[in-house]
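Have a look at the structure below, then the notes.
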Amino acid sequence: MPDLVLGSTTVISDSSGSLAWGSSVTFPAGMVIKSYQKVFKGTQAITSTAADASTQYSNDVTRWVVIGAGASGSDGDPLNITLDTPKNSSSKYLIRANVTYSRKQDGSHFMGWWYRTAGTSDTYVPLVQGKGGVANYWTQAAFGSSHHSSTGGSGNYGVRQGSMEYLWSPGTATAYQIQIMVFNYTGSAPQINRPYNADAHNYQGTFISTFTIQELAG
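Shown next, in the form of structure tokens:
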């Protein structure tokens, strides 16, 4: 198989007809090196709550819950991805999330990515957050919704989708483990992948939630 050459740079070279992923391979900036995805197909009630309006919970991982925690088999997987060691320290990660959850006229549901070094028991920390300091106790998150009083009506039969994408440049050659977590401020337990109401009628639906990461050449 001949070399694939972009300009004066050899990108892929392998005489056997396979892609060569050795250290000499050069990827153009922005090229996708590897893709990862986890899909949660089951349903989950987020029963953990934090009812104190005058406490800052943004960085308290014990108050946040992993989306799809414990899922397996036909329920899919928890939205937790372990990355391989990147091609090099200049690699970037395009991170996408789409979480479906119930809307009911109480409580607040905040979501974000939390990460740690892969293969360790380090405490997860937020990957990116909204700016702090707007007001003393505002929760800093990456996506999701604030208070549901703006939904109109009780909202029992509806769902929302918390979606966000972010280009992360950690600047290291470290492998990371990243997961999507949700923070529930008091109120009724939000439901993941279904409405709050559980009537057995075909105007109700179940859904999926996805988590996708792509390593991009820097």
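Counting in my numbering, the sequence shown runs from 8 upward without gaps. Every residue gets a Cβ at the ideal spot worked out from N, C-alpha and C, and that includes glycine.
| Item | Value |
| --- | --- |
| Buried or exposed by the 16-neighbour rule on C-beta atoms within 10 Å, applied to M38 | exposed |
| Length of the line joining the Cα atoms of G83 and F117 | 22 Å |
| Reduced DSSP category for G165 - H, G, I as helix; E, B as strand; rest coil | strand |
| Secondary structure of T69, DSSP reduced to three states | helix |
| Helix, strand or coil at D21 according to DSSP, with G and I counted as helix | Note that D21 scores a pLDDT of 47, beneath 50, so its modelled location is shaky; the value from the coordinates is reported in the next line. Three-state result, D21: coil. |
| Endpoints, beta strand (DSSP E) assigned at W145 | First-last for W145: undefined, no H or E at that position. |
| Whether G165 touches P202 by CB criterion (9 Å) | yes |
| For S176, the three-state DSSP class (helix, strand or coil) | coil |
| Check: G114 C-beta below 8 Å from any heavy atom of the ligand PLP | Only the bare structure without any ligand can be found here, which leaves the ligand PLP out of the picture. |
| Euclidean distance between Cα positions of T54 and N191 | 8 Å |
| According to DSSP, residues forming a beta bridge with A253 | The requested residue 253 is not part of the displayed model; the chain covers only 8 to 225. |
| Helix, strand or coil at S152 [DSSP, three-state] | strand |
| Sub-9 Å separation of I74 and Q51 beta-carbons | yes |
| Residue burial classification, N95 (beta-carbon count within 10 angstroms, cutoff 16) | exposed |
| Rounded separation between S176 and G126 - CA only | 20 Å |
| Environment of N209 [buried if 16+ CB atoms lie within 10 Å] | exposed |
| Residues bridged to N87 (per DSSP) | Q186 |
| 8 Å contact criterion, which L86 and I220 should meet: CB distance rounded | Contact flag wrong, Cβ pair sits at about 11 Å. |
| Simplified DSSP state of G119, which is helix, strand or coil | strand |
| Same chain only: Cβ atoms within 7 Å of K5, ignoring 5 sequence neighbours per side | Residue numbering for the chain in the displayed model covers 8 to 225; residue 5 lies beyond these limits and cannot be assessed. |
| Close beta carbons around S23, own chain, < 6 Å, minus the five adjacent residues each side | With a pLDDT of 49 at S23, under the threshold of 50, the modelled position of that residue is not reliable, and the figure given next carries that caveat. Here the set comprises nothing. |
| Which residues DSSP lists as bridging Q51, in chain order | I199 |
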